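The numbering of the sequence shown is full-length UniProt numbering, which starts it at 1 and goes up by one.
Reading through the structure tokens given below for one structure.
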Amino acid sequence: MSTIGIQQLFREERFPTGWRLIPLLLYSPFGLLLAFLRSFIGFQVLLAAAFVPHVSFIKSMILKTLCFTLGIVVREECEEKCDESAQVIVTNHISMLDYIPIHLLSGCVTPGRWDAPSAWALSLKSWGHGDTLLANVRAHLSNSETPVLIQPEGATTSGTTGLLKFESWPLETATRVQPAVIRVWRPAMADIAVTVVAASELWDIFFYLFVPFTVFTVRYLNVVELHKDETPAHGMERIEAAVAQDLGIRTTKFTAKDKMEYEKRYLAELYRPVAIANGAAALRLQPTGAQLLRMSNQVKEVLPNVPLDAIRRDLARTWDVDLTITNILEGLVPFVPEGQGPAIPTRSQRPAPDQMPAASSSRKTVQSGSLTFQERKAKMIEEARKKYIEKHGLQLSSSSVS
């Protein structure tokens with residue numbers, strides 16, 4: 001059994017690299033215009049599909065029109081191996097739309113993969129999952145001659161390295177199965193992957209509209225019948241080996257569930273550098289101990305009577321020397337003054353203007369005795385500004401103290 005890693009089963013990059021990117025860049029303006037026109041036409045077709053009768057012939061015509069709109073070209077190989085009496089068709093899975101070529105060639109239906117409105121489901125059937133799906137497929141096969149397309153991988157791969165392990169339940173619905181191999185190709189000037197790991201279905205559809213065309217090649221293999229006393233699991237292993245051999249790739253033990261887990265890990269790794277960068281940026285915005293001490297000393301030099309712990313508390317919040325000085329002078333930082341200097345009151349502790357203590361200097365007392373409280377506060381702020389500017393050569397914004 002293959003020893004390849006699960007990451008090798010899927011493409012991670014949708015676009016080509018190196019010199020092959022140049023033709024794509026030159027084609028891009030035309031591709032965007034083409035995508036716009038196709039989107040408009042496709043919307044009209046889907047709108048019509050919501051009102052026309054649910055008749056197989058009409059649905060087939062609508063699907064062919066959508067196929068033309070999406071630029072899907074279908075090629076058929078080894079038609080002589082196609083057995084129309086086989087009611088179950090089994091293929092590999094490389095795109096969300098790779099059921100369309102099989103439907104155009106055989107008129108088959110397939111279990112639905114999306115929660116699309118029934119009017120737009122066309123050849124998709126909402127048959128549920130697990131035992132419900134198995135019962136519905138059996139009921140359809142017993143009551144209808146329309147074949148059923150089943151893609152037992154359960155999830156898409158790149159189709160170039162290996163297959164996901166086939167589920168065995170298709171051979172529980174019928175003992176004769178028509179295997180087929182699906183390949184996809186796009187022109188070199190728009191060599192864009194039909195899907196990538198963890199891809200959005202909307203993006204996949206957009207690039208169908210963007211590229212000039214997408215060629216699906218359906219190659220039939222010999223019909224496989226379940227031998228007497230052979231289990232469905234063993235029969236599906238034979239089909240899986242035949243499909244892998246025709247594609248020139250390997251079989252693996254990985255399942256659709258393994259792909260889901262890989263996609264989760266892939267997305268986590270993809271966004272981890274962004275999370276780390278955001279975290280580092282947030283840490284850079286926080287003051288370090290040395291920075292906080294330096295800034296605290298700068299404020300202390302301007303307002304020596306204010307305790308360092310009060311200064312640090314406000315600096316940890318503002319991270320701005322100018323704003324902290326303004327907050328202290330505005331009375332927004334409560335503290336108990338140090339030494340013999342006058343205390344800077346908080347707003348809740350401010351005395352009435354006629355109860356303000358006189359300054360220690362007789363000259364300041366004479367000058368400020370007749371000033372109002374707001375004028376004295378403005379004078380204190382201006383003196384602090386001048387002292388701080390003279391010592392550090394900084395400029396306090398006028399809006400911070402207004």
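Think of the CB as a built atom: it goes at the ideal place given N, C-alpha and C, for glycine as much as any other residue.
Computed from a predicted structure; not experimentally measured.
**Request:** Find out if the Cβ-Cβ distance for the pair Gln-178, Leu-141 is shorter than 7 angstroms.
**Result:** The count along the sequence shown starts at 1 and reaches residue 178 at position 178. The count along the sequence shown starts at 1 and reaches residue 141 at position 141. The answer is no: Cβ separation not under 7 angstroms.
**Asked** To the nearest angstrom, how far is it from the Cα of Ala-50 to the Cα of Glu-269?
**Response** Taking the first residue of the sequence shown as position 1, residue 50 is located at position 50. Taking the first residue of the sequence shown as position 1, residue 269 is located at position 269. Taking the CA atoms as reference points, Ala-50 sits about 42 angstroms from Glu-269.
**Asked** Quick one: what's Val-137 bridged to in DSSP?
**Response** As a working mapping, residue 137 is identified with position 137 in the sequence shown. Paired residue(s): none; Val-137 is not in a bridge.
**Asked** Can you tell which of Val-223, Asp-322, Ala-316, Pro-334 has the C-alpha that lies nearest to the C-alpha of Thr-91?
**Response** Here residue 91 refers to the residue found at position 91 of the sequence shown. With distances taken between Cα atoms, Thr-91 lies closest to Val-223.
**Request:** Please name the residue, chosen from Phe-36, Leu-164, Val-181, Leu-9, that lies closest to Glu-79 on a Cα-to-Cα basis.
**Result:** Position 79 of the sequence shown, counted from the first residue, corresponds to residue 79. Nearest option by C-alpha distance: Val-181.
**Request:** Determine the direct distance from the alpha carbon of Lys-165 to that of Phe-254, and round the result to whole angstroms.
**Result:** One-based indexing of the sequence shown puts residue 254 at position 254. One-based indexing of the sequence shown puts residue 165 at position 165. Going by the C-alpha atoms only, they are around 6 angstroms apart.
**Request:** Provide the residue(s) that pair with Val-73 in DSSP beta bridges, ordered along the chain.
**Result:** As a first step, residue 73 is located in the sequence shown; it is residue number 73 there, counting from the start. Paired residues: Val-215.
**Message:** Can you check whether the C-beta of Gly-112 is within less than 7 angstroms of a C-beta belonging to chain C?
**Reply:** Protein chains in the displayed structure number just one, and chain C is not present.
**Message:** Buried or exposed for residue 440, going by 16 or more other Cβ atoms inside 10 Å?
**Reply:** Outside the shown range of the chain, which is 1 to 402, sits residue 440, and nothing can be said about it.
**Message:** I'd like the ranges of any alpha helix (DSSP H) spanning at least 4 consecutive residues and lying wholly in the stretch 145–197.
**Reply:** If we require 4 residues or more, the alpha helix (DSSP H) runs fully inside the stretch 145–197 come out as 170–173.
**Item:** DSSP beta-bridge partners of Pro-111
**Value:** Walking along the sequence shown from the start, residue 111 turns up at place 111. In the DSSP output, where bridge partners are listed per residue, Pro-111 has Lys-125.
**Request:** Within the same chain, show all residues whose beta-carbon is closer than 8 angstroms to that of Leu-33, passing over the 5 residues directly before and after it, in chain order.
**Result:** Along the sequence shown, read from residue 1 onward, the residue named residue 33 stands at position 33. Closer than 8 angstroms at the Cβ level, and outside the excluded window around Leu-33, lies no residue.
**Request:** Select from Gly-5, Ile-4, Thr-3, Glu-12 the residue whose C-alpha is nearest the C-alpha of Leu-267.
**Result:** Position 267 of the sequence shown, counting from 1, holds the residue named residue 267. For Leu-267, the closest of Gly-5, Ile-4, Thr-3, Glu-12 by C-alpha to C-alpha distance is Glu-12.
**Message:** Check whether the stretch 306–317 and the stretch 332–339 are in contact - that is, three or more C-beta pairs closer than 8 angstroms.
**Reply:** Touching, yes.
**Asked** Anyone know if the C-beta pair for Gly-302 and Thr-324 falls short of 7 angstroms?
**Response** Within the sequence shown, numbered from 1, the residue matching residue 302 stands at position 302. Within the sequence shown, numbered from 1, the residue matching residue 324 stands at position 324. A small correction: the amino acid at residue 302 is Val; Gly does not occupy that position in the sequence shown. Cβ distance not < 7 angstroms, so Val-302 and Thr-324 don't count as in contact.
**Item:** For Leu-163 and Ala-244, believed in contact at Cβ under 8 angstroms, the rounded distance
**Value:** To locate residue 244, count along the sequence shown from 1; it is residue 244. To locate residue 163, count along the sequence shown from 1; it is residue 163. At roughly 5 angstroms, the Cβ-Cβ gap stays under 8 angstroms, so Ala-244 and Leu-163 are in contact.
**Asked** Under a Cβ-count criterion, where at least 16 other Cβ atoms within 10 Å of its own Cβ denotes burial, should Pro-101 be classed as buried or exposed?
**Response** On the sequence shown, position 101 is the one that residue 101 refers to. Flag for Pro-101 reads buried.
**Request:** Along the beta strand (DSSP E) that carries Ile-22, what are the first and last residues, could you check?
**Result:** Start at 1 with the first residue of the sequence shown, and residue 22 comes out as number 22. No beta strand (DSSP E) holds Ile-22; the alpha helix (DSSP H) holding it covers 21–49.
**Asked** Should the stretch 220–238 be called in touch with the stretch 128–141, which here means at least 3 C-beta pairs below 8 angstroms?
**Response** Contact between the stretch 220–238 and the stretch 128–141 is absent, with fewer than three C-beta pairs closer than 8 angstroms.
**Request:** Take Val-211 as the anchor and find which of Thr-69, Asp-322, Leu-292 has the nearest alpha-carbon.
**Result:** Taking the first residue of the sequence shown as 1, we reach residue 211 at position 211. The shortest C-alpha separation from Val-211 is found at Thr-69.
**Request:** Note down the Cα distance separating Val-45 from Glu-167, rounded to an integer number of angstroms.
**Result:** Position 45 of the sequence shown, counted from the start, is the residue given in the question as residue 45. Position 167 of the sequence shown, counted from the start, is the residue given in the question as residue 167. Distance between the alpha carbons of Val-45 and Glu-167: 35 angstroms.
**Prompt:** On the premise that Ile-62 lies in contact with Thr-214, defined as a C-beta separation below 8 angstroms, what is that separation, rounded to the nearest angstrom?
**Reply:** Here residue 214 is taken as the residue at index 214 of the sequence shown, counted from 1. Here residue 62 is taken as the residue at index 62 of the sequence shown, counted from 1. Contact doesn't hold; Cβ gap of about 19 angstroms is too wide.
**Asked** Going straight from the alpha carbon of Ala-384 to that of Gln-291, what length do you get?
**Response** Numbered from its first residue, the sequence shown carries residue 384 at position 384. Numbered from its first residue, the sequence shown carries residue 291 at position 291. Approximately 22 angstroms, taken between the alpha carbons.
**Span separating the alpha-carbon of Leu-9 from that of Asp-246** = What you label residue 9 is simply residue 9 of the sequence shown in a count that begins at 1. What you label residue 246 is simply residue 246 of the sequence shown in a count that begins at 1. In this model, Leu-9 and Asp-246 are separated by some 17 angstroms (Cα to Cα).
**Close beta carbons around Gly-42, own chain, < 6 angstroms, minus the five adjacent residues each side** = Sequence index remark: in the sequence shown, residue 42 carries index 42 (1-based). Answer for Gly-42: Thr-69, listed in chain order.
**Asked** Are the CB atoms of Ile-89 and Pro-16 nearer to each other than 7 angstroms?
**Response** Sequence index remark: in the sequence shown, residue 89 carries index 89 (1-based). Sequence index remark: in the sequence shown, residue 16 carries index 16 (1-based). No, these two residues do not count as a Cβ contact at 7 angstroms.
**Message:** Let me check understanding here. Comparing Cα to Cα, which of Glu-338, Arg-294, Asn-305, Pro-307 lies closest to Asp-320?
**Reply:** For the purposes of this step, residue 320 is taken as residue 320 along the sequence shown, with counting starting at 1. Comparing Cα-Cα distances from Asp-320 to each of Glu-338, Arg-294, Asn-305, Pro-307, the minimum goes to Arg-294.
**Prompt:** Which residues bound the beta strand (DSSP E) around Leu-88?
**Reply:** Here residue 88 refers to the residue found at position 88 of the sequence shown. The question names Leu, but residue 88 in the sequence shown is Val. Boundaries of the beta strand (DSSP E) harbouring Val-88: 88–91, taken from the DSSP string.
**Asked** Is Thr-132 helix, strand or coil when you go by DSSP?
**Response** For the purposes of this step, residue 132 is taken as residue 132 along the sequence shown, with counting starting at 1. Looking at Thr-132 - three-state DSSP - the assignment turns out to be helix.
**Asked** If you drop the 5 nearest sequence neighbours on each side, which residues of the same chain put their C-beta closer than 7 angstroms to that of Tyr-27?
**Response** In the sequence shown, the residue the question calls residue 27 occupies position 27. Result list for Tyr-27: Met-189, Ala-190, in chain order.
**Prompt:** Can Phe-206 and Val-184 be called in contact, C-beta distance under 7 angstroms?
**Reply:** Taking the sequence shown and counting its residues from 1, one reaches residue 206 at position 206. Taking the sequence shown and counting its residues from 1, one reaches residue 184 at position 184. Result no, Cβ atoms of Phe-206 and Val-184 do not sit closer than 7 angstroms.
**Prompt:** If Ser-126 and Gly-112 are in contact, beta carbons under 8 angstroms, what's the gap, nearest whole angstrom?
**Reply:** Translated into positions along the sequence shown, residue 126 becomes position 126. Translated into positions along the sequence shown, residue 112 becomes position 112. The Cβ separation is near 5 angstroms, so the contact holds.
**Item:** Phe-36 versus Thr-318 - alpha carbon distance
**Value:** Counting from 1 along the sequence shown, the entry for residue 36 is found at position 36. Counting from 1 along the sequence shown, the entry for residue 318 is found at position 318. Straight-line measurement puts the Cα of Thr-318 at about 50 angstroms from the Cα of Phe-36.
**Asked** Can you tell me where the alpha helix (DSSP H) with Glu-240 in it begins and where it stops?
**Response** Translated into positions along the sequence shown, residue 240 becomes position 240. Unbroken alpha helix (DSSP H) run through Glu-240: 232–247.
**Message:** Between Val-218 and Leu-105, how many whole angstroms is the CB-CB distance? I'm expecting something under 8 angstroms.
**Reply:** Here residue 218 corresponds to residue number 218 of the sequence shown, with the count starting at 1. Here residue 105 corresponds to residue number 105 of the sequence shown, with the count starting at 1. Yes, they are in contact, since the Cβ atoms of Val-218 and Leu-105 sit about 6 angstroms apart, within 8 angstroms.
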